[in-house]
Amino acid sequence: MFPTPYTVQTRTYRQGPGRDPRGSLIESWDFPVSQSVIGWAAPQSTEPKVIGHDRVVIEVELFVPPGFRVGPKDRVIIPATGVMPAKEYFAVGYPEDFCFGPFAFQPGYVVNLIRAEG
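Here it is as structure tokens:
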């Protein structure tokens, strides 16, 4: 087991029971809940080399211990660092589970996060 010296906040995704004027289920997110994490990779940003393009997509890999609760469309708030202010990301799919290796070693999961700016 790896140490979990950092804390992020997660907001669980909910859908319904209400509907919007078009009949689609209303999306909402619960209040933030603090969870301990192992750490995260440096944010990677992509922006096409196109004149006038003003959107940046930022991706982050979040390293979490077994038992970390997160699912598709959940929001994860990574705290401010020396370079980046606190930001809220969307979880992409389910966590990548690395807990089924040899010798019962359970290092944890990788949660893929994404956000767009602009």
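Heads up: the sequence shown begins at 1 in the numbering used here, then just goes up one per residue. The beta carbon of each residue, even a glycine, is placed where N, CA and C say it ideally should be.
Is residue i near residue j, with beta carbons less than 8 Å apart?
i	j	result
R11	R75	yes
R19	D30	no
A91	V111	yes
Can you find the residues in the same chain that come closer than 7 Å, C-beta to C-beta, to residue i, ignoring five residues on each side of it along the sequence?
i	result
A86	I77, I78, P79 and A80
Drop a sphere of 10 angstroms on the beta-carbon of residue i, count the other beta-carbons inside from all chains shown, and report buried for 16 or more, exposed for fewer.
i	result
F5	It is worth fixing the name first, because residue 5 is Pro in this sequence and not Phe. P5 comes out exposed.
V70	buried
L62	buried
P95	buried
For residue i, tell me which candidate among the options has the shortest Cα-Cα distance.
i	options	result
G39	K49, F2, P72 and I51	F2
Q35	G67, F98 and H53	G67
Please work out which residues of its chain come closer than 8 Å, Cβ to Cβ, to residue i, disregarding the five sequence neighbours upstream and downstream, and give them in chain order.
i	result
L25	Q15, G16, P17, G18 and R19
Sort out for me which residues DSSP pairs residue i with in a bridge.
i	result
I114	E59 and F90
R69	None; R69 has no bridge partner.
V8	Q35
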